[in-house]
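Residue numbers (my numbering): 176 to 364. Report on the following structure.
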């Protein structure tokens, strides 16, 4: 069984996976499985009131979960080279802890790597968060992930050669989307 198949089986069974994303290593689970979400919150030692990020494999899947995407944003998502997480003001089909107190949701369209393969095989969104205890520094490579996080995950992706070399990864840019104007306010660049 491939590592993608193992991860999908873990997700289908309500497990939490530790995996490389297009940015930093993350914890992920099925965003519609309350027990899996609770496990991520426990691993992260994170409040139930804090919303999570969703990862999707395409703009088409993104459109299933947000209202109105300005054509300018679609173009940006298609052309932007760096991973970009956008906070959309109005989510569809999603409830807390996937949405914030105003009903908005943070979603990133993943364009490359093993995470894209995983998302395509999963064929839907994944809840995602960085692989650290809430409040601790975000690990820049696998070697910085605490053994506690690794032990509590139900499946850990095998480490590739670049990870063994300690390849430094950085979090995505984050922007808030304004649907009336189609503009973005960058929160983190």
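C-beta: ideal position from N, C-alpha, C; glycine also. A quick note: this is a predicted structure, and the numbers were derived from the prediction, not measured.
Whole-angstrom distance between residue j and residue i, CA atom to CA atom
{"i": "residue 279", "j": "residue 353", "result": "11 Å"}
{"i": "residue 128", "j": "residue 224", "result": "It is not possible to answer for residue 128, since the shown part of the chain is limited to 176 through 364."}
{"i": "residue 297", "j": "residue 215", "result": "18 Å"}
{"i": "residue 236", "j": "residue 318", "result": "32 Å"}
{"i": "residue 366", "j": "residue 301", "result": "The structure shown does not extend to residue 366, since the chain spans only 176 to 364, so no value can be given for it."}
{"i": "residue 347", "j": "residue 313", "result": "12 Å"}
{"i": "residue 189", "j": "residue 204", "result": "7 Å"}
{"i": "residue 260", "j": "residue 176", "result": "32 Å"}
{"i": "residue 210", "j": "residue 277", "result": "24 Å"}
{"i": "residue 251", "j": "residue 356", "result": "14 Å"}
{"i": "residue 290", "j": "residue 274", "result": "22 Å"}
{"i": "residue 234", "j": "residue 293", "result": "16 Å"}
{"i": "residue 222", "j": "residue 310", "result": "11 Å"}
{"i": "residue 185", "j": "residue 333", "result": "14 Å"}
{"i": "residue 239", "j": "residue 267", "result": "7 Å"}
{"i": "residue 358", "j": "residue 247", "result": "8 Å"}
Reference residue i, options the options, closest by Cα
{"i": "residue 206", "options": "231, 286, 245", "result": "231"}
{"i": "residue 349", "options": "288, 295, 312, 262", "result": "262"}
{"i": "residue 265", "options": "244, 203, 285, 326", "result": "244"}
{"i": "residue 193", "options": "219, 272, 269, 209", "result": "219"}
{"i": "residue 242", "options": "291, 189, 282", "result": "282"}
{"i": "residue 202", "options": "222, 228, 180", "result": "228"}
{"i": "residue 272", "options": "240, 293, 212", "result": "212"}
{"i": "residue 198", "options": "331, 358, 315, 361", "result": "315"}
DSSP-derived helix/strand/coil call for residue i
{"i": "residue 306", "result": "coil"}
{"i": "residue 180", "result": "helix"}
{"i": "residue 334", "result": "coil"}
{"i": "residue 317", "result": "helix"}
{"i": "residue 221", "result": "coil"}
{"i": "residue 351", "result": "strand"}
{"i": "residue 260", "result": "strand"}
{"i": "residue 186", "result": "helix"}
{"i": "residue 231", "result": "strand"}
{"i": "residue 341", "result": "Confidence at residue 341 is low in this model, with a pLDDT of 47, below 50, so its placement is unreliable and the value that follows should be read with caution. Note: residue 341 maps to coil in three-state DSSP."}
{"i": "residue 237", "result": "helix"}
Residue i: first and last residue of the uninterrupted beta strand (DSSP E) it sits in
{"i": "residue 246", "result": "That residue, residue 246, is in no beta strand (DSSP E); its alpha helix (DSSP H) goes 246–254."}
{"i": "residue 363", "result": "358–363"}
{"i": "residue 170", "result": "One cannot answer for residue 170 here, as it falls past the ends of the chain, which runs 176 to 364."}
{"i": "residue 202", "result": "200–204"}
{"i": "residue 195", "result": "192–195"}
Boundaries (first-last residue) of the alpha helix (DSSP H) holding residue i
{"i": "residue 288", "result": "288–297"}
{"i": "residue 327", "result": "322–327"}
The ligand NAP heavy atom lying under 7 Å from the CB of residue i
{"i": "residue 198", "result": "Questions concerning the ligand NAP fall outside what the structure shown contains, since it holds no ligand whatsoever."}
Tell me, please, whether the segment 252–259 touches the segment 300–308 by the rule of three or more beta-carbon pairs shorter than 8 Å. No: the two stretches stay apart, fewer than three of their Cβ pairs being nearer than 8 Å.
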